[in-house]
Amino acid sequence: MNSRYKLKKVIRLEKFIRDDILIYGKTPFFLLILIIISSMLIINITYQTRLLIIEHEKIILEEKLLDIEWRNLILEESTLGNSNRIEDIALTKLHMQYIDPLNERKISMKD
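For the sequence shown, numbering that gives the first Met the number 0 gives the first residue as 0, with consecutive numbering after it.
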């Protein structure tokens, strides 16, 4: 009789908890579900935001590197295109000379 009474008591306790949740606990249970859903959404948005921040930082770093490369190319262009440098190469390496206007000869082609 004692085990039957305990079994009946356990069944009544389960029924009592179930009825309590279904009758009086709908609003708190619904709010708990909403809290869980909103917390999962916050975690997802935070993760996406961190990914976007990392991508933004990579783009800014790439922009800085490209800006440095651009400045170096402009400097190289101005150095290589300098007429003094070209003149120095022509005189020293190629052994070119200026033409004296008295020794200048014009060549024309006949038709």
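Heads up, the beta-carbon is just placed ideally off N, CA and C, and yes, glycines get one too.
query	result
Straight-line CA distance for LEU31 to LEU40?	14 Å
Roughly how many angstroms lie between the CA atoms of ASN83 and LYS57, to the nearest whole one?	41 Å
Can the beta-carbon of PHE28 be found closer than 9 Å to that of ILE20?	yes
So, helix, strand or coil for ASN102, using DSSP?	coil
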